[in-house]
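Q:
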Amino acid sequence: MELYVKPINRMQFTILAENSETIENIKHKIYEHLNLPIDEQKLIYKNKLLENTMRVGDYNLIQESTLYLIPILIGGNGGNCSFGHSFEFNALNQEEKKEGLPSKKAPRWRRYSAGINFEGKCMNTLCEAYQHRVLVKEKFGTFIIHLKIKELPCPLCKINIVDADNVMFNYCKWKIYGATADSGKIIKYQDSSNDFYKWVSFNGNSKTIWQFLKIEVTKI
Ligand SMILES: [Zn+2]
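Residue numbers 8 to 227, in the numbering used here, belong to the letters of the sequence shown in order.
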């Protein structure tokens, strides 16, 4: 069958595919077209991220289905600038907010403050928080997320965390402004967390690929 591949900011092109072929194989064909390494490609079909080991038939792709191609910059060291700054972060859907009460037993790396708190993993083997999801207190300000997620020091060892992909808010007002990478849909809303003894977060497993995302956090 013929599949369309639509890279962000670029002309769509056609590739030939079989039902039994793996997604990794499809990515190899894309590599031949664009010279974009396989591990820097994310493919999306109907808002789903396609896994390398799955097969074309597993996703019910049909003749002339369109796959959206999101190039991910590995290590943030430049790459091809015409592709922009696509990156993965929580979908931040208003509907998926959850409120939580602080746990008295929470370890030191789960402590938070008023304002915005970023969530990611500490990968420093010497740190007490190694491989744990830690919270980085960033309080108030305007945060350009694709830049911010590279500079979030672990609260214990101060080495930058990795895979920062979610935020939680406590006793603050926030405004979200962003565009998703697959459809370019603009996400824009504001809200607040009015209770100091509770926090508001987004369901951690709800990821999306963003073209741009800005969060503005102010005091109540
Ligand atoms: Zn650490």
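For glycine and all other residues, C-beta sits at the position ideal for the given N, C-alpha and C.
With DSSP as the reference, label Ile-51 as helix, strand or coil.
A: For the purposes of this step, residue 51 is taken as the residue at position 44 of the sequence shown. Residue state, collapsed to three classes: strand.
Q: Taking just the CA atoms, how far does Val-174 sit from Ser-89?
A: For the purposes of this step, residue 89 is identified with residue 82 of the sequence shown, where counting begins at 1. For the purposes of this step, residue 174 is identified with residue 167 of the sequence shown, where counting begins at 1. Residue confidence is low: Ser-89 scores 41 on pLDDT, short of 50, so the model does not pin down where it sits. Its coordinate-derived value is still stated next. Rounded to the nearest angstrom, the gap between the Cα atoms of Ser-89 and Val-174 is 28 Å.
Q: Can you tell me whether Asp-65 is buried or exposed, with buried defined as 16 or more other CB within 10 angstroms of its CB?
A: In the sequence shown, counting from the first residue as 1, residue 65 sits at position 58. Exposed: under 16 other Cβ atoms inside 10 Å.
Q: Helix, strand or coil for Gln-278 per DSSP?
A: For the chain, the structure presents residues 8 to 227; residue 278 sits outside this window and is missing.
Q: Is Ile-51 near Tyr-75, with beta carbons less than 8 Å apart?
A: Taking the sequence shown and counting its residues from 1, the one referred to as residue 51 is at position 44. Taking the sequence shown and counting its residues from 1, the one referred to as residue 75 is at position 68. The answer is yes: Cβ separation under 8 Å.
Q: Pick helix, strand or coil for Gly-83, following the three-state DSSP scheme.
A: Taking the first residue of the sequence shown as 1, we reach residue 83 at position 76. Interpretation of Gly-83 is limited by its pLDDT of 42, a score under 50 that renders its predicted location unreliable; the figure taken from the coordinates is listed afterwards. Coil, per DSSP.
Q: Could you check if Leu-68 belongs to the surroundings of ligand 1, using beta carbon to heavy atom distance under 7 Å?
A: Start at 1 with the first residue of the sequence shown, and residue 68 comes out as number 61. No, ligand 1 has no heavy atom inside 7 Å of this Cβ.
Q: With a 10 Å radius around its C-beta and 16 neighbouring C-beta atoms as the bar for buried, classify Pro-114 as buried or exposed.
A: Start at 1 with the first residue of the sequence shown, and residue 114 comes out as number 107. Exposed, by the Cβ-count rule.
Q: Thinking Thr-29 and Asn-67 are a contact (beta carbons under 8 Å), I'd like their distance in whole angstroms, please.
A: If you number the sequence shown from 1, residue 29 lands on position 22. If you number the sequence shown from 1, residue 67 lands on position 60. Wrong, their Cβ atoms sit about 15 Å apart, outside the cutoff.
Q: Residues in its own chain within less than 6 Å of Gly-82 by CB, not counting five upstream and five downstream?
A: By 1-based counting over the sequence shown, the position of residue 82 is 75. Only weak support is given to the placement of Gly-82: the predicted model assigns it a pLDDT of 45, under 50, and the value that follows is read from those uncertain coordinates. Closer than 6 Å at Cβ, skipping near neighbours: no residue.
Q: Under 8 Å Cβ to Cβ from Pro-160, same chain only, skipping five residues before and after it: list those, please.
A: In the sequence shown, counting from the first residue as 1, residue 160 sits at position 153. So the qualifying residues of the chain are Val-143, Ile-166, Asn-167 and Ile-168.
Q: Could you tell me whether the Cβ atoms of Val-224 and Phe-125 are closer together than 8 Å?
A: Against the sequence shown, residue 224 aligns to sequence position 217. Against the sequence shown, residue 125 aligns to sequence position 118. It is not a contact, given that the beta carbons lie outside the stated cut-off.
Q: Could you check if Ile-156 belongs to the surroundings of ligand 3, using beta carbon to heavy atom distance under 7 Å?
A: The model on display carries ligand 1 but not ligand 3.
Q: Hey, Pro-109 and Tyr-184: beta-carbon distance below 8 Å or not?
A: For the purposes of this step, residue 109 is identified with residue 102 of the sequence shown, where counting begins at 1. For the purposes of this step, residue 184 is identified with residue 177 of the sequence shown, where counting begins at 1. Annotated as distal: Pro-109 and Tyr-184, with beta-carbon spacing of 8 Å or more.
Q: With DSSP run on the structure shown, which of helix, strand or coil describes Arg-117?
A: Locating residue 117 in the sequence shown gives position 110, where the first residue counts as 1. Looking at Arg-117 - three-state DSSP - the assignment turns out to be helix.
Q: Assuming Glu-145 is part of the beta strand (DSSP E), what are its boundary residues?
A: As a position in the sequence shown, residue 145 is number 138, starting the count at 1. Run containing Glu-145: 140 to 146, per the beta strand (DSSP E) assignment.
Q: If you pair each beta-carbon of the stretch 203 to 219 with each one of the stretch 175 to 195, do three or more pairs fall below 8 Å?
A: Yes, the stretch 203 to 219 is in contact with the stretch 175 to 195.
Q: Does the beta-carbon distance from Asn-97 to Phe-20 come in below 8 Å?
A: Numbered from 1 along the sequence shown, position 90 holds the residue referred to as residue 97. Numbered from 1 along the sequence shown, position 13 holds the residue referred to as residue 20. In this structure, Phe-20 does not lie closer than 8 Å to Asn-97 by Cβ.
Q: Confirm, please, whether the CB-CB distance from Leu-23 to Glu-9 is below 8 Å.
A: Translated into the one-based positions of the sequence shown, residue 9 becomes position 2. Translated into the one-based positions of the sequence shown, residue 23 becomes position 16. Result yes, Cβ atoms of Glu-9 and Leu-23 sit closer than 8 Å.
Q: Is Ile-77 near ligand 1, with its Cβ less than 7 Å from a heavy atom?
A: As a position in the sequence shown, residue 77 is number 70, starting the count at 1. No, the Cβ of Ile-77 stays beyond 7 Å of every heavy atom of ligand 1.
Q: In chain order, what are the residue ranges of uninterrupted beta strand (DSSP E) at least 3 long that sit wholly in the stretch 150 to 226?
A: 169 to 177, 179 to 187, 193 to 200, 206 to 209 and 214 to 225
Q: Would you mind sorting Arg-62 into buried or exposed? The rule is 16 or more other CB atoms within 10 Å of its CB.
A: Counted from its first residue, the sequence shown places residue 62 at position 55. That one is buried.
Q: For the alpha helix (DSSP H) containing Glu-106, name the first residue and the last one.
A: Here the question's residue 106 lines up with position 99 in the sequence shown. First-last for Glu-106: 104 to 107, but that is the beta strand (DSSP E), not the alpha helix (DSSP H).
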